[in-house]
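A.B. asks: Can you read through this structure? Questions will come right after.
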Amino acid sequence: MPEGNESLNQPFWSFPPERSDVVVVGGGLIGTAICLHLAMKGIQVCLIESQRLASGASGRNDGQIILETVDYYPRMIELYGHETAHGILNFKREGQNELHDFLIETGVPEELAYHRSGSLTLAYNDAEKEKITDAVEAMEKDGFHSQIVNANEIEELIGSRAFDYGKLDPLDAVVNPAELTKTFAKQAAAHGARIVEGLPVTGIGPGVVEFDGGSIGCEIALVATNAYVSNLLPQFKKWVFPTRGQVLATEPSEHRYAPMGCITNFGYDYWHWAPDGRLILGGRRFVDEHREVGTDEFINPKIQSALDDLIKEIYPNLDLKIATRWSGIMGFSGDGLPIVGPISGDPTMWSAVAFTGYGLGLSWSIGKAVAEALDGQDTARTRFLTKLHPNRFA
Ligand SMILES: Cc1cc2nc3c(=O)[nH]c(=O)nc-3n(C[C@H](O)[C@H](O)[C@H](O)COP(=O)(O)OP(=O)(O)OC[C@H]3O[C@@H](n4cnc5c(N)ncnc54)[C@H](O)[C@@H]3O)c2cc1C
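Residues 1 to 394 in the working numbering are what the sequence shown lists, from first letter to last.
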């Protein structure tokens, strides 16, 4: 045996089985949710993650499970047409409700920090006030209730006087996204899925997933590596754009505000309060947008300093100490919709990538829809999935 052959330096125990009906590559929210739903159907599935579960965007986001996606609902209608925009909200709301029931049924441990106390979308200026008013009206018409809140109501909920107008969606939630990813994986394993961490996949092809030192045979290979998809599928370089986001968290504090997702400035800035008085806040990408691309997890001092200023803007009277700062990489698609389905018409190779800034809120529905599609079912969910098909770019 030659010395230094690192490609063979893998313990036997960390290898996946020789074959599995489905192999999911990537252990974020999307990969683990798909794995869970397949396993719950009794379909043999193995998930392979190159690092640790939730080491990508899924363990680095703000934890908001919210209804709207790339923009306010009227803009979504403009971008995608009424049927698709309405379909996205339906798909997400159904997923939010089912995820809620699932978590209540399986038990909500404290570390999951799951709270369904609604979300606030807050007007940064008069232009945004108008957008919020229009969105509430358009959503109400389509059966999605939210309500306008004023300065006093906003202060009561989140302790800030910086906003005098917003909308409250009572069915949105927050969660620790890394713990949710691990919960999906744990439940998948309990239903018979095999979860392998620390094994980078080096190639996929029809019926095979390869890694250093071996390969695994399968009926379906599904790539759920989000921003990193083009490492395995180079054609996706034209469709998925790795985009960085910056976040910080304060030390726990004596302040107790509603643990609800807050968004302002047309979706650019977001935060929520954890039950221990920690503020978890991110955004301000526009301060240095052209540098916030690529797959390096890089702390951008310019943006982090703008986040410090944002705290002072929202909470001028609070003395909060920063505990930690981090960045995360999102996979943006050209049209803001995820890319989910068989690749290049080959039914044995699937992608579920490009979840932009809202993959947490979509994970349950995507997991369920993909599992139903791979199981050959024809449901409202699988029909909606066709809107996300990769061939819209081909
Ligand atoms: C700063 C920030 C804030 C956000 N806030 C929110 C929010 O509040 N609400 C919301 O809904 N969404 C939010 N998002 C978006 C959300 O985090 C993502 O859409 C979601 O996590 C995508 O999940 P995923 O499983 O597709 O990707 P990831 O979590 O990125 O998972 C991909 C996985 O693939 C693995 N991988 C890559 N290459 C390989 C390989 N060759 N072999 C094996 N494994 C591989 C990676 O290690 C990684 O674990 C935010 C994102 C960021 C960065």
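Beta carbons: idealized from backbone N, C-alpha and C, even for Gly.
Assign proline 304 to one of two classes, buried (16 or more other C-beta atoms within 10 Å of its C-beta) or exposed (fewer than that).
C.D. replies: Indexing the sequence shown from 1 puts residue 304 at position 304. The residue asked about is misnamed: residue 304 is glutamine in this sequence, not proline. With 16 or more Cβ atoms within 10 Å of its Cβ, glutamine 304 is classed as buried.
A.B. asks: Starting from valine 340, trace the beta strand (DSSP E) both ways and give me its first and last residue.
C.D. replies: Residue numbering aside, residue 340 sits at position 340 when the sequence shown is read from its first letter. Note, valine 340: beta strand (DSSP E), 339-343.
A.B. asks: How is the beta strand (DSSP E) around leucine 171 delimited, first residue to last?
C.D. replies: The sequence position of residue 171 within the sequence shown is 171, counting from 1. Looking at the DSSP string, leucine 171 is not in any beta strand (DSSP E), and its letter there is neither H nor E.
A.B. asks: Quick one: Cα of lysine 41 to Cα of threonine 183, how far?
C.D. replies: Translated into the one-based positions of the sequence shown, residue 41 becomes position 41. Translated into the one-based positions of the sequence shown, residue 183 becomes position 183. When rounded, the distance between both Cα atoms is 17 Å.
A.B. asks: Could you tell me which of Asn152, Trp239, Tyr270 sits nearest to valine 174, measuring between CA atoms?
C.D. replies: Residue numbering aside, residue 174 sits at position 174 when the sequence shown is read from its first letter. The option with the nearest alpha carbon to valine 174 is Tyr270.
A.B. asks: Could you say which of Thr202, Gly118, Trp326 lies nearest to asparagine 61 if we only look at CA atoms?
C.D. replies: Working through the sequence shown from its first residue, we reach residue 61 at position 61. Nearest of Thr202, Gly118, Trp326 to asparagine 61, Cα basis: Trp326.
A.B. asks: Threshold first: 4 residues or longer. Then list the alpha helix (DSSP H) segments lying entirely within the region 182-241, N to C.
C.D. replies: Complete alpha helix (DSSP H) runs here, min 4: 229-232.
A.B. asks: Kindly indicate which three-state DSSP category threonine 264 falls into: helix, strand or coil?
C.D. replies: By 1-based counting over the sequence shown, the position of residue 264 is 264. Strand.
A.B. asks: In the structure shown, what three-state DSSP assignment does serine 305 receive?
C.D. replies: As a position in the sequence shown, residue 305 is number 305, starting the count at 1. Reduced to three states, the DSSP call for serine 305 is helix.
A.B. asks: Kindly examine ligand 1 and report whether one of its heavy atoms sits closer than 7 Å to the Cβ of tyrosine 124.
C.D. replies: Counting from one through the sequence shown, the residue named residue 124 turns up at place 124. Incorrect: tyrosine 124 has no Cβ contact closer than 7 Å to ligand 1.
A.B. asks: Would the beta-carbon of threonine 84 be found less than 7 Å away from any heavy atom of ligand 1?
C.D. replies: Working through the sequence shown from its first residue, we reach residue 84 at position 84. Every heavy atom of ligand 1 is 7 Å or more from the Cβ of threonine 84, so no.
A.B. asks: Suppose the cutoff is 7 Å on Cβ atoms and the five residues either side in sequence are ignored; what does the same chain contact list for methionine 139 look like?
C.D. replies: Locating residue 139 in the sequence shown gives position 139, where the first residue counts as 1. Counting only Cβ-Cβ distances below 7 Å, and skipping sequence neighbours, we find Tyr73, Ser146.
A.B. asks: Would you identify the three-state DSSP class for glycine 331, choosing helix, strand or coil?
C.D. replies: Stepping through the sequence shown from its first residue, residue 331 is reached at position 331. If DSSP states are grouped into helix, strand and coil, glycine 331 belongs with the strands.
A.B. asks: Please tell me whether valine 410 and alanine 224 are closer than 8 Å, where the distance is taken between their beta carbons.
C.D. replies: Past the boundaries of the shown model lies residue 410; the chain is included only from 1 to 394, so the question cannot be answered.
A.B. asks: Looking only at its chain, what residues have a beta carbon closer than 6 Å to the beta carbon of glutamine 187, apart from the 5 residues adjacent to it on each side?
C.D. replies: As a first step, residue 187 is located in the sequence shown; it is residue number 187 there, counting from the start. Counting only Cβ-Cβ distances below 6 Å, and skipping sequence neighbours, we find Leu36.
A.B. asks: For the beta strand (DSSP E) that contains asparagine 399, what are its first and last residues?
C.D. replies: In the structure as shown, the chain begins at 1 and stops at 394. Residue 399 is therefore absent and cannot be evaluated.
A.B. asks: Does the distance from the CB of alanine 354 to the CB of glycine 331 come in under 8 Å?
C.D. replies: As a working note, residue 354 is residue 354 in the sequence shown. As a working note, residue 331 is residue 331 in the sequence shown. Yes, the Cβ-Cβ distance between alanine 354 and glycine 331 is below 8 Å.
A.B. asks: Just the Cα atoms here: how many angstroms apart are aspartate 296 and lysine 141?
C.D. replies: Taking the first residue of the sequence shown as 1, we reach residue 296 at position 296. Taking the first residue of the sequence shown as 1, we reach residue 141 at position 141. Rounded to the nearest angstrom, the two C-alpha atoms are 42 Å apart.
A.B. asks: Would you report the Cα separation of alanine 57 and glycine 28, rounded to the nearest angstrom?
C.D. replies: Along the sequence shown, one-based indexing puts residue 57 at 57. Along the sequence shown, one-based indexing puts residue 28 at 28. The alpha-carbon atoms of alanine 57 and glycine 28 are separated by roughly 7 Å.
A.B. asks: Measuring CA to CA, which of Lys237, Leu388, Ala178 is closest to tyrosine 228?
C.D. replies: Position 228 of the sequence shown, counting from 1, holds the residue named residue 228. With distances taken between Cα atoms, tyrosine 228 lies closest to Lys237.
A.B. asks: Can you give me the start and stop residues for the alpha helix (DSSP H) that arginine 381 sits inside?
C.D. replies: As a first step, residue 381 must be located in the sequence shown, where it is residue number 381. Start and end: 380-385.
A.B. asks: Any heavy atom of ligand 1 within a distance shorter than 7 Å of the CB on glycine 214?
C.D. replies: The count along the sequence shown starts at 1 and reaches residue 214 at position 214. Checking every heavy atom of ligand 1 against the Cβ of glycine 214, none is found closer than 7 Å.
A.B. asks: Label isoleucine 299 either buried or exposed according to how many other C-beta atoms from any shown protein chain fall within 10 Å of its C-beta, with 16 as the threshold for buried.
C.D. replies: Here the question's residue 299 lines up with position 299 in the sequence shown. Flag for isoleucine 299 reads exposed.
A.B. asks: What is the residue span of the alpha helix (DSSP H) that alanine 39 lies within?
C.D. replies: For the purposes of this step, residue 39 is taken as the residue at position 39 of the sequence shown. Segment 29-40, the alpha helix (DSSP H) holding alanine 39.
A.B. asks: Which of helix, strand or coil does DSSP assign to threonine 84?
C.D. replies: Position 84 of the sequence shown, counted from the start, is the residue given in the question as residue 84. Here threonine 84 sits in helix by DSSP.
A.B. asks: State the start and end residues of the unbroken alpha helix (DSSP H) segment that holds valine 136.
C.D. replies: Here the question's residue 136 lines up with position 136 in the sequence shown. Looking at the DSSP string, the run of the alpha helix (DSSP H) that includes valine 136 is 126-141.
A.B. asks: Report yes if the C-beta of isoleucine 204 is less than 7 Å from at least one heavy atom of ligand 1; otherwise report no.
C.D. replies: For the purposes of this step, residue 204 is taken as residue 204 along the sequence shown, with counting starting at 1. No, the Cβ of isoleucine 204 stays beyond 7 Å of every heavy atom of ligand 1.
A.B. asks: Alanine 323 by DSSP, collapsed to three states: which one?
C.D. replies: If you number the sequence shown from 1, residue 323 lands on position 323. If DSSP states are grouped into helix, strand and coil, alanine 323 belongs with the strands.
A.B. asks: If you count every other CB in all the chains shown that lies within 10 Å of the CB of asparagine 226, and 16 or more means buried, which is it?
C.D. replies: By one-based count along the sequence shown, residue 226 stands at place 226. Counting Cβ neighbours within 10 Å, asparagine 226 comes out buried, since at least 16 surround it.
A.B. asks: By the three-class DSSP mapping on this structure, what secondary structure does leucine 279 have?
C.D. replies: Indexing the sequence shown from 1 puts residue 279 at position 279. DSSP places leucine 279 in strand when its eight states are reduced to three.
A.B. asks: Any idea what DSSP makes of histidine 272, helix, strand or coil?
C.D. replies: Locating residue 272 in the sequence shown gives position 272, where the first residue counts as 1. In this structure, histidine 272 counts as strand in the three-state DSSP scheme.
A.B. asks: Would you say serine 119 and methionine 260 are within 8 Å of each other, going by their C-beta atoms?
C.D. replies: Here residue 119 refers to the residue found at position 119 when the sequence shown is read from its first residue. Here residue 260 refers to the residue found at position 260 when the sequence shown is read from its first residue. Yes, these two residues count as a Cβ contact at 8 Å.
A.B. asks: Phenylalanine 355: beta carbon under 7 Å from a heavy atom of ligand 1?
C.D. replies: Position 355 of the sequence shown, counted from the start, is the residue given in the question as residue 355. Under cutoff, so the answer is yes.
A.B. asks: If you run the structure through DSSP and keep just helix, strand and coil, what is serine 365?
C.D. replies: Here residue 365 refers to the residue found at position 365 when the sequence shown is read from its first residue. Reduced to three states, the DSSP call for serine 365 is helix.
A.B. asks: Is any non-hydrogen atom of ligand 1 found closer than 7 Å to the C-beta of tyrosine 114, if you look at the structure I gave you?
C.D. replies: In the sequence shown, counting from the first residue as 1, residue 114 sits at position 114. Outside the cutoff, so no.
A.B. asks: Do asparagine 265 and tyrosine 124 have their C-beta atoms closer together than 8 Å?
C.D. replies: For the purposes of this step, residue 265 is identified with residue 265 of the sequence shown, where counting begins at 1. For the purposes of this step, residue 124 is identified with residue 124 of the sequence shown, where counting begins at 1. In contact: asparagine 265 and tyrosine 124 (Cβ atoms closer than 8 Å).
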